[in-house]
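Its first residue numbered 1, the sequence shown is counted upward by one per residue in full-length UniProt numbering.
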Amino acid sequence: MNSLFRAGKQVLQASGRAFSAAANPDRKVVVLGAAGGIGQPLSLLMKISPYVSELALYDIAGTPGVAADVGHINSKAKVKGYAGEENLGEALKGADLVIIPAGVPRKPGMTRDDLFKINAGIVKGLTKAIGEHCPGALINMISNPVNSTVPIAAETLKKLGVYNPSKLFGVTTLDVVRARTFYAEKKNLNVADVDVPVVGGHAGVTILPLFSQATPSVDLTPEEVDQLTKRTQDGGTEVVQAKAGKGSATLSMAYAGALFADACLRGLNGEANVFEYSYVESDVTELPFFSSKIKLGSEGVEEIYGLGELNDYEKAGVKAMIPELSSSIEKGIKFANEA
Ligand code: NAI
Numbered sequence: 001m002n003s004l005f006r007a008g009k010q011v012l013q014a015s016g017r018a019f020s021a022a023a024n025p026d027r028k029v030v031v032l033g034a035a036g037g038i039g040q041p042l043s044l045l046m047k048i049s050p051y052v053s054e055l056a057l058y059d060i061a062g063t064p065g066v067a068a069d070v071g072h073i074n075s076k077a078k079v080k081g082y083a084g085e086e087n088l089g090e091a092l093k094g095a096d097l098v099i100i101p102a103g104v105p106r107k108p109g110m111t112r113d114d115l116f117k118i119n120a121g122i123v124k125g126l127t128k129a130i131g132e133h134c135p136g137a138l139i140n141m142i143s144n145p146v147n148s149t150v151p152i153a154a155e156t157l158k159k160l161g162v163y164n165p166s167k168l169f170g171v172t173t174l175d176v177v178r179a180r181t182f183y184a185e186k187k188n189l190n191v192a193d194v195d196v197p198v199v200g201g202h203a204g205v206t207i208l209p210l211f212s213q214a215t216p217s218v219d220l221t222p223e224e225v226d227q228l229t230k231r232t233q234d235g236g237t238e239v240v241q242a243k244a245g246k247g248s249a250t251l252s253m254a255y256a257g258a259l260f261a262d263a264c265l266r267g268l269n270g271e272a273n274v275f276e277y278s279y280v281e282s283d284v285t286e287l288p289f290f291s292s293k294i295k296l297g298s299e300g301v302e303e304i305y306g307l308g309e310l311n312d313y314e315k316a317g318v319k320a321m322i323p324e325l326s327s328s329i330e331k332g333i334k335f336a337n338e339a
């Protein structure tokens, strides 16, 4: 075994993605937008997830190639590619979990809200198909603007009479992953031991890391808190600018998406104490959707936790995000109910 392969195998084992067929229940996972920048590495990571037995890769084009490629990996999941809208229903049938990274990514100078016009229509169409073909599946929404695409999905499912708020998740895991990385780097901590709650939504000031509740707890100056908060909020823009017109975060997003999807599957499988952060229907604030810590169970969201004790900086952060989050939610609801 050469050293590169050995190192790779150690990484996979450390993340629970060893090449073994663990005795987990059969689970079908569908990736919508599987040929894209996020879709491809996410499909790879789900192919080597010990929690997946069937992996359906759907996109408007290009999925036979992606499916043939990841399908050669010697892990448990059986892979099939589906291209074109006429095959969407077949791809979705029998799904336990549908992950949606379909749509266009940001270019420099664009906000997540600029994506609204294109992605809103894509998400509406895909969610309608989910409601028709696999209404009981969990949905992990990655397509931006998540603050609006989740309400669009909820309204679309309501119209079909199949909305279950416990099964619809906006994926904010990348914000948590970034906050952990930046906090650990700043204070020379072992990132594997670090947790940083991130609440609110998934765009600019609506992303609020709660460094006062980070563990392990270390002293941060107000300037450090402000710098870490802004870096987390602008993490996506940092990548968009570095890629200089060639897309937004794809690799770190695929990693974060796979972490969250695995957590959903572990919850479905009855594993105890599976906690994540996610943008879900919530009564933690006056807004109908909000991201905070959740417990995942056999029916999706099992419990939603409050924000804990906030310091003045964090209280101001929550106050400041409410108008933007509120208008993104309203915009999504309005769009879903038009025509
Ligand atoms: P991409 O353009 O590389 O890939 C998107 C894929 O979606 C393409 O393969 C495209 O053919 C496909 N697609 C378009 N319309 C479709 C439809 N109707 N049905 C199925 N597939 C369809 O974009 P990328 O970089 O993969 O980003 C995808 C989305 O994820 C964007 O909306 C982006 O803003 C979002 N994103 C979300 C993050 C989060 O933290 N939640 C982080 C980074 C990106």
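The C-beta atom is built at its ideal place from N, Cα and C for all residues, glycine as well.
Fair warning: this is a prediction, and the values are worked out from it, not measured in the lab.
Nearest-angstrom beta carbon gap, residue j and residue i [assumed within contact, 8 Å]
i: Ala-258; j: Leu-45; result: 4 Å
i: Ile-60; j: Leu-92; result: Rounded, the Cβ-Cβ distance is 15 Å, inconsistent with contact.
i: Val-225; j: Tyr-313; result: 6 Å
i: Ser-282; j: Asp-113; result: The pair is not a contact, with the Cβ atoms about 21 Å apart (cut-off 8 Å).
i: Gly-170; j: Ser-291; result: 7 Å
i: Asp-262; j: Tyr-51; result: 6 Å
Selection from the options that minimises the alpha carbon distance to residue i
i: residue 340; options: Glu-85, Ala-263, Ala-68; result: Nothing about residue 340 can be read from this structure; the chain reaches only from 1 to 339.
i: Val-284; options: Glu-276, Tyr-305, Phe-275; result: Tyr-305
i: Arg-231; options: Ala-316, Ala-179, Pro-323; result: Ala-179
i: Val-205; options: Leu-126, Ser-75, Met-321; result: Met-321
i: Leu-251; options: Val-31, Gly-36, Arg-112; result: Gly-36
i: Cys-264; options: Val-318, Met-141, Lys-124; result: Met-141
i: Pro-288; options: Gly-245, Gly-33, Ser-326; result: Ser-326
i: Glu-132; options: Gly-332, Lys-315, Lys-159; result: Lys-159
i: Cys-134; options: Val-30, Ala-83, Glu-185; result: Val-30
i: Ala-203; options: Asn-144, Pro-151, Gly-308; result: Asn-144
i: Thr-111; options: Gly-297, Val-239, Met-253, Glu-286; result: Val-239
i: Ala-316; options: Phe-275, Ile-207, Glu-302, Ala-214; result: Ile-207
i: Ala-272; options: Glu-299, Asn-87, Lys-246, Tyr-82; result: Glu-299
Beta-carbon proximity of residue i to residue j, cut-off 7 Å
i: Tyr-279; j: Val-176; result: no
i: Val-199; j: Tyr-183; result: no
i: Leu-210; j: Pro-197; result: yes
i: Val-79; j: Leu-42; result: no
i: Gly-109; j: Asn-119; result: no
i: Ala-256; j: Leu-189; result: no
i: Ser-148; j: Lys-331; result: yes
i: Thr-181; j: Tyr-277; result: no
Backbone secondary structure at residue i - three-state DSSP
i: Ala-21; result: Confidence at Ala-21 is low in this model, with a pLDDT of 47, below 50, so its placement is unreliable and no value can be given for it.
i: Asp-262; result: helix
i: Leu-296; result: strand
i: Ile-322; result: helix
i: Ala-83; result: strand
i: Ile-100; result: strand
i: Tyr-279; result: strand
i: Leu-210; result: coil
i: Thr-156; result: helix
i: Met-110; result: coil
Contact test: residue i Cβ vs ligand 2 heavy atom, cutoff 6 Å
i: Pro-105; result: You won't find ligand 2 in this model; what it holds is ligand 1.
Below-7 Å beta-carbon distance, residue i vs any chain B residue
i: Tyr-183; result: Considering every chain present, this structure includes no chain B. It has just one protein chain.
Alpha-carbon to alpha-carbon, residue j and residue i
i: Gly-39; j: Pro-105; result: 12 Å
i: Gly-270; j: Leu-138; result: 15 Å
i: Lys-187; j: Lys-293; result: 24 Å
i: Pro-216; j: Leu-310; result: 17 Å
i: Ser-75; j: Pro-25; result: 15 Å
i: Val-274; j: Lys-319; result: 29 Å
i: Gly-236; j: Leu-126; result: 24 Å
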